[in-house]
Amino acid sequence: MSDKDIVQNYVTELKRGSLVLAVLGSLTTPHYGYALLQTMQEKGIEIEANTLYPLLRRLEKQELLVSDWDTTESRPRKYYSISPIGLEVRSELLEEWKKMQKNIAEIYRGR
Numbered sequence: 001m002s003d004k005d006i007v008q009n010y011v012t013e014l015k016r017g018s019l020v021l022a023v024l025g026s027l028t029t030p031h032y033g034y035a036l037l038q039t040m041q042e043k044g045i046e047i048e049a050n051t052l053y054p055l056l057r058r059l060e061k062q063e064l065l066v067s068d069w070d071t072t073e074s075r076p077r078k079y080y081s082i083s084p085i086g087l088e089v090r091s092e093l094l095e096e097w098k099k100m101q102k103n104i105a106e107i108y109r110g111r
């Protein structure tokens, strides 16, 4: 396995661990799946539709998200919103992420 492959594997792991926090942070207003995908990509979060949609379903099953169908347009769209439990989890995850970021920065600051 080359150095580039090793790095890419770890980058993938880092992103995977951050996607839940990114999704929960992006849902300050309701979004349907494709709009959320675009919003995240505009913010520099690289995510594929085949990653986002299963993640949305999983977060909904865990009751971190709620969804409602909008059938007023020609194409029905499922809108996702963060639930009260999701707000609590988002807050706690964000604090943990900040702590980790600070601690890692301290490790590298001494170099």
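Quick note on numbering: UniProt numbering labels position 6 of the sequence shown as 6, and the sequence is numbered without any gaps.
Every residue, glycine too, gets a C-beta built ideally from N, C-alpha and C.
Once DSSP output is grouped into helix, strand and coil, what is the label at residue i?
i, result
"Ser-91", "helix"
"Arg-75", "coil"
"Ser-83", "coil"
Using the beta-carbon count (16 or more within 10 Å), is residue i buried or exposed?
i, result
"Met-74", "One detail in the question is off: residue 74 reads as Ser in this sequence, not Met. Answer is exposed; the Cβ neighbour count stays below 16."
"Arg-90", "buried"
"Leu-27", "buried"
"Val-7", "exposed"
"Leu-94", "exposed"
"Gly-110", "exposed"
"Val-23", "buried"
"Leu-14", "exposed"
"Met-1", "exposed"
If residue i and residue j are in contact, beta carbons under 8 Å, what's the gap, nearest whole angstrom?
i, j, result
"Tyr-80", "Leu-56", "6 Å"
"Glu-63", "Ser-83", "6 Å"
"Ala-49", "Leu-37", "6 Å"
By the DSSP assignment, the beta strand (DSSP E) with residue i in it spans what residues?
i, result
"Ser-67", "65-70"
At least three beta-carbon pairs within less than 8 Å, the segment 39-48 to the segment 9-25:
yes
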